[in-house]
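A.B. asks: The sequence shown begins at 6 in this note's numbering and counts up one residue at a time.
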Amino acid sequence: MKLAIGLGLHKDPAKAAEAAVRQALKTVPKPGLALAFSSIALDQAKVHKALCRHLDPAILTGGSCYAEISNAGVSRGSVVVLLLSDPELKAQFSVAQTSEDCRKTGLSLAEGVNAPAGRALSLVFGSISTGYEQRMVDAVAEKLSPVFGGLTCGDYDLGMSHPDFWTNFQYCGCELTQKGARLAALQLPPGVSAAFGYGHGWQPVGEELTITRAEGPAVYELNGVPVIEFYRQFLGRDAKEKFFELMVQRYGFSVAAPGAGKTVIKLPVSCDFKKGCITYFPSEDLQGRKVRLIQASRTSLIEGARAAAKECAAGRPGRKPALVFMVSCCSRSHILHSRVNDELEAVRGVFGREVPVFGLYSGGEIVPTGGAKRSVSIYHVTTVALLALYSDKKAVSSVPKAALPVPGAAAAQALLARSEEMLDTTESFLANLSRKSYKDGALLRRQHELIHAYTPHGVWKEVGAVASAGGAELKDAEFNGVFMFMDVKGFTTYSESHSSAEVVSALNEIFSPATDLIYGHGGDVDKFIGDCIFACFSTAEGAALAARDILLLFRRLNAAGNPFTVRIGLNGGRAVRANVGAPGRREYTFIGDAVNTAQRLESNCEPGKALLSAGVYESAGRVFSAAEALTVAMKGKAKPAAAYLCEP
């Protein structure tokens, strides 16, 4: 196998392309495959025309990129060309127009070629379209796995909100397209094999979050918090929209990668402040997904590239590849800034500096899940994707010899190095601060979750509102509603003949479904009193429905052999919810005659039934199947009261 990498640095686009091709043709005069990438800053029409003039367009694929990768380093404003030849290298090509239906694009590419007989490798390069490019990759991979490649790139420096950011070009043979995709379906020569790796280096800075409201890739809420508000915690509440939109791209999410035990990145690409949503690429339906907030430092990104190289090399221990094809993301180059070459050097340090390396900084990366095994190919963002070709026979190769121009004077470089070091320190400090804040917040949230389980939900919400407003105490408040007392009968006898653990278990088996029914009908459990539940409702109907369903529940339990029964008292009226206790330990509970009457009704009720006050029965007695009017004498009451003994 012969391979050659050419690099053109001329400011004139055509001359840069010509120089790159001529360098490579010296070693590979009759290529079977040509890949070319050039800076988006160059006139793409002139670059493409020059490439087609010196190469057979039928074997050409590639496109525009943010930065170019070769053994000379990471360059910008240049053209890089890779030529491959081998008598037994077979290549088929197809072209498709990208559209809203990314799967259709992938199927069109796959249908344009025949599946190789073996040693297959598919290279795909196309334009960024909807963010659903994973569907294109899946469609190609169904027939032509594994798939490696990337998305051509526009000018990332403009920012994702700029319309020209999305302008990018593809070299689809003799055609220069802006909304195209090119597939090269390869059958590698005997003795040549491929290995893959990917990594990103983005670090999680918080606990796992749930996307609680999303429409496709547009996220509105995280853990019930508006997503814009969520980000303002980190970026500042007074941040202007432009600043916010630029900075939010530094804080994406990681989600579990399919079948790889690794993570993939979801990068924020746009903010809609009117709708209150942020859209993420790669696109998918994010409703209900579990995610982690991430943050990157330049050091961690470089380590991510090194990890990708180690994964790629692990399948061929002790062997040097004939070629390393590196596709990194334009956003990584932007973050790495003057340290962008350190990412390349991290990769070369794993494989060996003498190994030919070729690639681009792209708008998206496509790579199998890793190693030498065939597996799912994934469309990534802000990730390093690597393809290493290994040959049993020694490959003939050539790489650019010229060093890249060094900008600036020595003093300016020293000053820059110092500023970069300070920036690294600041980034590290901020990252650590974010992690600490998140750890503290995670602990606090766990404490809140525990306390919430032991607190009436209404009280919990009131506490949150008071605390947010800077208050230190709940105010006494009047409540007009319905009160329920539910007592489990037969429990005292059961407790005498069973262990404490058995008693608690039996009680919880009763209380758990009963509590669910209370909350399901709009009630709130104020407290558990031994084998009794005290609850409140804002409406008589909610209280009556809960009482009826609890009685029906116990009928089913009794039929299944449960020895317990229940009696319920319901009364409506006014009570005061007040602070009771001492400053160091207090309870916020209901006090009033309406509460006492509900308890008295429960104590006068028959097992398996509910005793309702006249007012509650008049409002909601219809939910019961039968009722008997009674006159009940109650402790502490001078006169008997009308009540209704109800059956479910």
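C-beta: ideal position from N, C-alpha, C; glycine also.
Closest to serine 311 by CA distance: which of Val628, His526 and Gly202 is it?
C.D. replies: Start at 1 with the first residue of the sequence shown, and residue 311 comes out as number 306. According to the sequence provided, residue 311 is arginine. The question's serine does not apply to it. Comparing Cα positions, the closest option is Gly202.
A.B. asks: For the candidate residues Leu550, Pro121 and Trp207, whose alpha-carbon lies nearest to that of phenylalanine 629?
C.D. replies: In the sequence shown, the residue the question calls residue 629 occupies position 624. Answer by Cα proximity: Leu550.
A.B. asks: Using 8 Å as the threshold, is the stretch 290-300 in touch with the stretch 356-365, meaning 3 or more CB pairs across them?
C.D. replies: Under the three-pair Cβ rule at 8 Å, the stretch 290-300 does not count as touching the stretch 356-365.
A.B. asks: Indicate the three-state DSSP secondary structure (helix, strand or coil) for arginine 81 in the structure shown.
C.D. replies: By one-based count along the sequence shown, residue 81 stands at place 76. Coil at arginine 81, not helix or strand.
A.B. asks: Could you give the residue range of the alpha helix (DSSP H) that holds threonine 215?
C.D. replies: Against the sequence shown, residue 215 aligns to sequence position 210. Element bounds for threonine 215: not the alpha helix (DSSP H) but the beta strand (DSSP E), 214-220.
A.B. asks: With distance defined between alpha-carbon atoms, name the residue in Cys276, Arg81, Gly547 and Leu112 nearest to alanine 625.
C.D. replies: Numbered from 1 along the sequence shown, position 620 holds the residue referred to as residue 625. Closest in alpha carbon position to alanine 625, among Cys276, Arg81, Gly547 and Leu112, is Gly547.
A.B. asks: Of all the alpha helix (DSSP H) runs that stay within the bounds of the stretch 71-151, which reach a length of 4 or more residues?
C.D. replies: 107-116 and 138-149
A.B. asks: How far does the alpha helix (DSSP H) with lysine 280 in it reach, from first residue to last?
C.D. replies: Taking the first residue of the sequence shown as 1, we reach residue 280 at position 275. Note, lysine 280: premise wrong, no alpha helix (DSSP H); not H, not E.
A.B. asks: Since serine 367 and cysteine 335 should fall inside the 8 Å C-beta cutoff, what is the C-beta to C-beta distance between them, to a whole number of angstroms?
C.D. replies: Start at 1 with the first residue of the sequence shown, and residue 367 comes out as number 362. Start at 1 with the first residue of the sequence shown, and residue 335 comes out as number 330. Taking C-beta atoms under 8 Å as the contact rule, serine 367 and cysteine 335 qualify, at a distance of about 7 Å.
A.B. asks: Determine the direct distance from the alpha carbon of alanine 144 to that of asparagine 173, and round the result to whole angstroms.
C.D. replies: What you label residue 173 is simply residue 168 of the sequence shown in a count that begins at 1. What you label residue 144 is simply residue 139 of the sequence shown in a count that begins at 1. Near 23 Å, if we compare the C-alpha coordinates of alanine 144 and asparagine 173.
A.B. asks: From what residue to what residue does the beta strand (DSSP E) around histidine 385 run?
C.D. replies: By one-based count along the sequence shown, residue 385 stands at place 380. 382-385 is the extent of the beta strand (DSSP E) around histidine 385.
A.B. asks: If you follow the beta strand (DSSP E) that isoleucine 523 is part of, which residue opens it and which one closes it?
C.D. replies: Here residue 523 refers to the residue found at position 518 when the sequence shown is read from its first residue. From DSSP, isoleucine 523 is part of no beta strand (DSSP E) but of the alpha helix (DSSP H) over 505-525.
A.B. asks: Do arginine 124 and leucine 193 have their C-beta atoms within less than 8 Å of each other?
C.D. replies: Along the sequence shown, read from residue 1 onward, the residue named residue 124 stands at position 119. Along the sequence shown, read from residue 1 onward, the residue named residue 193 stands at position 188. Yes, these two residues count as a Cβ contact at 8 Å.
A.B. asks: Is DSSP giving lysine 640 helix, strand or coil here?
C.D. replies: Here the question's residue 640 lines up with position 635 in the sequence shown. In this structure, lysine 640 counts as coil in the three-state DSSP scheme.
A.B. asks: Do you know offhand how far glycine 535's Cα is from tyrosine 649's?
C.D. replies: Reading the sequence shown from its first residue, position 530 is the one you call residue 535. Reading the sequence shown from its first residue, position 644 is the one you call residue 649. Whole-angstrom Cα-Cα distance: 26 Å.
A.B. asks: In the DSSP assignment, find the unbroken beta strand (DSSP E) run with asparagine 173 in it and report its ends.
C.D. replies: By 1-based counting over the sequence shown, the position of residue 173 is 168. For asparagine 173, there is no enclosing beta strand (DSSP E), as DSSP marks it with neither H nor E.
A.B. asks: Determine the closest residue to aspartate 598 out of Gly178, Leu112, Phe484 and Val86, with distance taken between C-alpha atoms.
C.D. replies: Counted from its first residue, the sequence shown places residue 598 at position 593. Closest by alpha carbon: Phe484.
A.B. asks: Have a look at the DSSP bridge pairing and note the partners of serine 624.
C.D. replies: By one-based count along the sequence shown, residue 624 stands at place 619. Serine 624 is not bridged to any residue.
A.B. asks: Taking aspartate 61 as the reference, give the member of Ser69, Leu8 and Tyr176 with the closest Cα.
C.D. replies: Numbered from 1 along the sequence shown, position 56 holds the residue referred to as residue 61. Of the candidates Ser69, Leu8 and Tyr176, the one whose C-alpha sits nearest the C-alpha of aspartate 61 is Tyr176.
A.B. asks: What residue range does the alpha helix (DSSP H) around isoleucine 45 cover?
C.D. replies: To locate residue 45, count along the sequence shown from 1; it is residue 40. Where isoleucine 45 is concerned, there is no enclosing alpha helix (DSSP H), given that its DSSP letter is neither H nor E.
A.B. asks: Contact between the stretch 557-570 and the stretch 585-596: three or more CB pairs below 8 Å?
C.D. replies: No: the two stretches stay apart, fewer than three of their Cβ pairs being nearer than 8 Å.
A.B. asks: Quick check on this structure: which residue in Ala189, His167 and Lys184 has the alpha carbon closest to the alpha carbon of alanine 115?
C.D. replies: Here residue 115 corresponds to residue number 110 of the sequence shown, with the count starting at 1. Of Ala189, His167 and Lys184, the residue nearest in Cα terms is Ala189.
A.B. asks: For a quick check, are the C-beta atoms of serine 338 and serine 166 less than 8 Å apart?
C.D. replies: Walking along the sequence shown from the start, residue 338 turns up at place 333. Walking along the sequence shown from the start, residue 166 turns up at place 161. The answer is no: Cβ separation not under 8 Å.
A.B. asks: Within its chain, find whatever has a CB closer than 8 Å to the CB of alanine 50; leave out the 5 residues flanking it on each side and keep chain order.
C.D. replies: As a position in the sequence shown, residue 50 is number 45, starting the count at 1. Leu181.
A.B. asks: Which residue marks the beginning of the alpha helix (DSSP H) containing proline 18, and which one marks its end?
C.D. replies: Residue numbering aside, residue 18 sits at position 13 when the sequence shown is read from its first letter. Segment 18-30, the alpha helix (DSSP H) holding proline 18.
A.B. asks: Ordered along the chain, which non-local residues of its own chain (more than five positions away) have a Cβ less than 7 Å from that of glycine 495?
C.D. replies: For the purposes of this step, residue 495 is taken as the residue at position 490 of the sequence shown. So the list reads Pro568, Phe569 and Thr570, once near-sequence residues are dropped.
A.B. asks: From arginine 451 to isoleucine 233, what distance separates their C-alpha atoms?
C.D. replies: Here the question's residue 451 lines up with position 446 in the sequence shown. Here the question's residue 233 lines up with position 228 in the sequence shown. So the alpha carbons of these two residues sit roughly 23 Å apart.
A.B. asks: When DSSP builds the beta bridges, which residues end up paired with phenylalanine 533?
C.D. replies: Taking the sequence shown and counting its residues from 1, the one referred to as residue 533 is at position 528. As DSSP reads the structure, phenylalanine 533 sits in a beta bridge with Ile538.
A.B. asks: Using only the alpha-carbon positions, how far apart do glycine 641 and alanine 615 sit?
C.D. replies: Taking the first residue of the sequence shown as 1, we reach residue 641 at position 636. Taking the first residue of the sequence shown as 1, we reach residue 615 at position 610. Looking at the two C-alpha atoms, the distance is approximately 21 Å.
A.B. asks: So what does aspartate 492 bridge to, in DSSP terms?
C.D. replies: Residue mapping note: residue 492 aligns to position 487 of the sequence shown, counting from 1. DSSP lists Cys537 and Arg572 as partners of aspartate 492.
A.B. asks: Report the rounded CA-to-CA distance for isoleucine 270 versus valine 260, giving the unit in angstroms.
C.D. replies: Residue numbering aside, residue 270 sits at position 265 when the sequence shown is read from its first letter. Residue numbering aside, residue 260 sits at position 255 when the sequence shown is read from its first letter. Cα-Cα distance, rounded: 6 Å.
A.B. asks: Grab the span of the beta strand (DSSP E) containing cysteine 651 for me, first residue to last.
C.D. replies: For the purposes of this step, residue 651 is identified with residue 646 of the sequence shown, where counting begins at 1. Taken as a continuous stretch (DSSP letters only), the beta strand (DSSP E) holding cysteine 651 covers 646-652.
A.B. asks: May I have the straight-line CA-CA distance separating leucine 575 from arginine 605, to the nearest angstrom?
C.D. replies: Here residue 575 is taken as the residue at index 570 of the sequence shown, counted from 1. Here residue 605 is taken as the residue at index 600 of the sequence shown, counted from 1. For leucine 575 and arginine 605, the distance between alpha carbons rounds to 9 Å.
A.B. asks: To the nearest angstrom, how far is the alpha carbon of valine 360 from that of arginine 321?
C.D. replies: Residue mapping note: residue 360 aligns to position 355 of the sequence shown, counting from 1. Residue mapping note: residue 321 aligns to position 316 of the sequence shown, counting from 1. Approximately 14 Å between the Cα atoms of the pair.
A.B. asks: For tyrosine 256 and leucine 149, what's the separation of their Cα atoms in angstroms?
C.D. replies: Stepping through the sequence shown from its first residue, residue 256 is reached at position 251. Stepping through the sequence shown from its first residue, residue 149 is reached at position 144. The straight-line gap separating the alpha-carbon atoms of tyrosine 256 and leucine 149 is approximately 34 Å.
A.B. asks: How long is the line joining the alpha carbons of arginine 553 and leucine 522, rounded to whole angstroms?
C.D. replies: Residue mapping note: residue 553 aligns to position 548 of the sequence shown, counting from 1. Residue mapping note: residue 522 aligns to position 517 of the sequence shown, counting from 1. Cα-Cα distance, rounded: 10 Å.
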